[in-house]
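Novice:
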Amino acid sequence: MKRFEDILAQCIDDVKAGRASIEDCLERHPSVRERLEPLLRLALEIRRAPDVKPSPGFKVRARVRLMEQIHDRGAVTRWPWLRYHKQRQLSPQRRFSMVHIIVAIALALSALAGGTAYVAQASLPGDALYSVKLGTEQAGMMLLGDDFARAERALDLAQRRIREMTALAERARSQDLGLAVEKYEYALEMALARIEAAGDAAAAAGNVTELVAEATAWHLSVLDRVYDMVPAEAKEVIAHARNVSATGHFRALEALARVKPVGAMGINTAAAKGRLTRAGEMAARGDVDELENALQQFEAMAAFGEEICRIAQQAGRDITRVEELVAEGTFIHLQELVDVWERAPGQAQAAIRTRVANAMARHERAVQALEQRGAGLPASEATPERIREQERIRERVEQILDDSVPPALNLPGGVPAGRSCCGCGR
Amino acid sequence: MVQRAIGHDADAFGKLYDMHVDRVYRHIYYRVGSEADAEDLTQQVFLKAWQAIGRYKRAASPFVAWLMTISHNLVVDFYRTSKERAYLEAEVLADDGASNPEKAAEASLDQQRLRRDILQLRGDEQQVVMLRFVEGLEFAEIASLLKKKEGNVRVILHRALVKLRKIVEKDVDKR
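Below you can see the structure in the form of structure tokens.
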């Protein structure tokens, strides 16, 4: 026989679910009807809580405060020895010292004056107040309604993470770089995701995307300096950050090429030139590994120039000016490459020679495409100085290539009639 | 997300806050009836949760149910430490069923009285009534949350309803 408690619970479930009425239940259990009825009616009188919601202002304030307090207290572990063990694992820089105590008192006083969030803005990954800084940033992001405003804000946060990496490297705090890189990746991804979600719909997309493309090129050059500063064990994490920047750069350019191909081409040419500047520095220093790394990045960017042209063409844009820029850009790259080759140690010259050959091929394809189009060379290409410089570079390129052109090289075979530089080399 | 929060990832915990803050607030508001107190206690719930996150066991109960347990304990403390505190000062219970304003006011008043009576129940009895009727959890969910057998939860509910009936009757006699 069923217990009364079970009958009551079953009846409550059935009536609430609409499977039975109160009368049905009472008829099913006549022996307990008198006890059951008042309790059942009472239980069904209790209504669910009304849909009261906290105010958005409270939610943001509470979140910021929560992050402040999380930072101040940390999570409490069940076993004191575990907490002790965790403290033992702290790096020497983070162990308690008189300096930390003084800093903590200063921070506490600032917090008392209501300035914790303000003070936190200067904090770095690994600092006590860094989580407050992140919490404040996230709360600020929540207050922005527009996708492009959020993308711009996310880019601003990515820039902050880059500055933090520099500051950490300057303070020899490489153990905290991983967190900065992780947050950088997150912020950049957020900016790119907003842009890509918007597609080509808004004119504002072009402006924000341009900012991201320019900023990521700048990030790469800053990260080069950070890479040079940090000890060997931290280089991998900065190399990862550079890959994140480069990937973000290409994604932004891809989006920009659809709406502003000329701008995209200009940014790409400058970014590729920046990689060659880095290669030149590494050549002078004799750092063959970093030289090769910079050349690989250059190669990817230079090849992307033709990709920009193709994307623009597919998007129905006029690509005449884009093709002119490809011709100009590839010539600038040749000048730089010749310079790098001259400064490079012997063991690195073979790698540079391949890039010179590829750049030459791209330049000739671009020039031929313009000629076939009847557009001719841009005016800047036809000045006496430029013609003399072209001659000089051409001679140097021929000397560099000599007769040892690598077999894999895709030398220009002329542009098929009716096809632009965008269609060449594919 | 919960796993990351257990690993003391403050960002992940922030996201859990975003996901559950409304529900925790609503639960507390129902029991304290004041916006200011509900806000204060809601903040405390999340801070306590962060401090105890290492003790949360994912398999035992859903994260939101665990937050409800913390909410319950804080509300109990809230009343214990301030017995003089008046219940239901800022009553906002809505009556979405009644179209007649007089009936609506009457129904709302009945709900207010009933809520006040529920708050007089003992800890676990009050919690079972709240979780079953106010939060709409199933018996199995309540059992896993309170670490009791389902049969025991039914027994507690029965006991709670018997007591509640007596409290309601006394209340009616007073009027």
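Taken in order, these protein sequences are the chains called A and B.
The first sequence maps to residues 243 to 668 in the numbering used here.
The second sequence maps to residues -16 to 158 in the numbering used here.
A virtual CB, placed ideally from N, CA and C, is assigned to each residue, including glycine.
(1) Taking Cβ-Cβ distances shorter than 7 Å, what residues in chain A pair up with Y0/B?
(2) For the alpha helix (DSSP H) holding A522/A, just list the boundary residues, first then last.
(3) At a Cβ cut of 8 Å, what residues of the stretch 11 to 42 of chain B count as close to chain A, listed as they run along the chain?
(4) CB-CB under 6 Å to R436/A, same chain, minus the five flanking residues each way: which ones, in chain order?
(5) Which of the three DSSP states is assigned to P45/B in this structure?
(6) Report yes if the C-beta distance between V530/A and A590/A is below 7 Å; otherwise report no.
(7) Need the endpoints of the alpha helix (DSSP H) that F29/B sits in, please.
(8) In or out: Q363/A buried (at least 16 other Cβ within 10 Å) or exposed?
(9) For A499/A, collect the residues of the same chain with a Cβ closer than 6 Å to its Cβ; drop the 5 residues on either side in sequence, then sort them by chain order.
(10) Could you tell me which of I480/A, A601/A, L434/A and G571/A sits nearest to I404/A, measuring between CA atoms?
(11) Would a check of beta-carbon distances place V4/B closer than 7 Å to chain A?
(12) Can you pull the chain B residues whose beta carbon is under 7 Å from the beta carbon of Q380/A, in chain order?
(13) Taking A251/A and L114/B to be in contact with their CB atoms under 8 Å, please state how far apart those CB atoms are, rounded to whole angstroms.
(14) May I have a chain-ordered list of the beta strand (DSSP E) segments no shorter than 3 residues that lie completely inside the stretch 575 to 643 of chain A?
(15) List the residues of chain B whose Cβ lies closer than 7 Å to the Cβ of P280/A, in chain order.
(16) Could you name the residues of chain B that D248/A contacts, counting a contact when the two beta carbons are closer than 8 Å?
(17) Could you list which residues in chain A have their beta carbon closer than 7 Å to that of A123/B, in chain order?
(18) Give me the Cα-Cα distance between L97/B and E427/A, rounded to the nearest whole angstrom.
(19) Applying the criterion that 16 or more other CB atoms from any shown protein chain within 10 Å of the CB defines a buried residue, is T625/A buried or exposed?
(20) Can you confirm whether Q311/A, when its beta carbon is compared against all beta carbons of chain B, has any partner nearer than 7 Å?
(21) Is it true that the CB of L308/A sits closer than 7 Å to the CB of F29/B?
(22) Could you give the distance in angstroms between the alpha-carbon of R283/A and the alpha-carbon of S273/A?
(23) Rounded to whole angstroms, what is the Cα-Cα separation between K149/B and Q27/B?
(24) Which same chain residues, not among the five before or five after A586/A, have their C-beta less than 6 Å away from its C-beta?
(25) Applying the 10 Å Cβ sphere with the 16-neighbour rule, what's the burial state of D369/A?
(26) Taking the CB atoms as reference points, tell me whether S416/A and P473/A lie closer together than 7 Å.
(27) Once DSSP output is grouped into helix, strand and coil, what is the label at A483/A?
(28) Check whether the Cβ of A73/B lies closer than 7 Å to any Cβ atom in chain A.
(29) W49/B and F(-4)/B: beta carbons closer than 7 Å?
(30) Closest to I312/A by C-alpha separation, out of I264/A, E276/A, G571/A and G377/A, would be which residue?
(31) So I288/A and F122/B are in contact, right, with Cβ under 8 Å, and what is the actual spacing, rounded?
(32) Return the CA-CA distance between V151/B and L144/B, expressed in angstroms with no decimal places.
(33) Going by Cα to Cα distance, which pick from F246/A, L533/A, E606/A and Q380/A is closest to D1/B?
(34) Determine the closest residue to L120/B out of G16/B, R137/B and M(-16)/B, with distance taken between C-alpha atoms.
(35) Taking only beta-carbon atoms, is K301/A less than 7 Å away from chain B?
(36) Do T511/A and G571/A have their beta-carbon atoms positioned less than 7 Å apart in this structure?
Specialist: Taking the structure as given:
(1) R305 and L308
(2) Reading off the sequence, residue 522/A comes out as Gly, not Ala. Per DSSP, G522/A belongs to the alpha helix (DSSP H) from P503 to R527.
(3) Y12, Y13, A21, E22, T25, Q26, F29, L30, W33, Q34, A35, I36, G37 and R38
(4) D389, R392 and A393
(5) coil
(6) yes
(7) E18 to Q34
(8) exposed
(9) A506, I550, I553 and A554
(10) Nearest in C-alpha terms to I404/A, of all of I480/A, A601/A, L434/A and G571/A, is I480/A.
(11) For V4/B, the answer is yes, since a Cβ of chain A falls inside 7 Å of its Cβ.
(12) G(-3)
(13) Contact between A251/A and L114/B is ruled out by a C-beta separation of about 13 Å, above the 8 Å threshold.
(14) none
(15) Listed along chain B, the residues sitting closer than 7 Å to P280/A by beta-carbon distance are R148.
(16) G134 and R137
(17) Near A123/B there are no residues of chain A at all, since even the closest Cβ is about 11 Å away, more than 7 Å.
(18) 53 Å
(19) With fewer than 16 Cβ atoms within 10 Å of its Cβ, T625/A is classed as exposed.
(20) yes
(21) Result yes, Cβ atoms of F29/B and L308/A sit closer than 7 Å.
(22) 17 Å
(23) 34 Å
(24) A525 and I594
(25) buried
(26) yes
(27) helix
(28) Confidence in A73/B is poor, its pLDDT being 34 and thus under 50, which makes the residue's placement unreliable; the coordinate value appears in the next sentence. Judged by the 7 Å Cβ criterion, A73/B is not in contact with chain A.
(29) Cβ atoms of W49/B and F(-4)/B: not closer than 7 Å.
(30) Closest by C-alpha distance to I312/A, out of I264/A, E276/A, G571/A and G377/A, is G377/A.
(31) Actually they are not in contact, since the Cβ atoms of I288/A and F122/B sit about 15 Å apart, beyond 8 Å.
(32) 10 Å
(33) Q380/A
(34) With respect to the C-alpha of L120/B, the residue from G16/B, R137/B and M(-16)/B having the closest C-alpha is R137/B.
(35) Taking Cβ atoms only, chain B reaches closer than 7 Å to K301/A, which makes this a yes.
(36) yes
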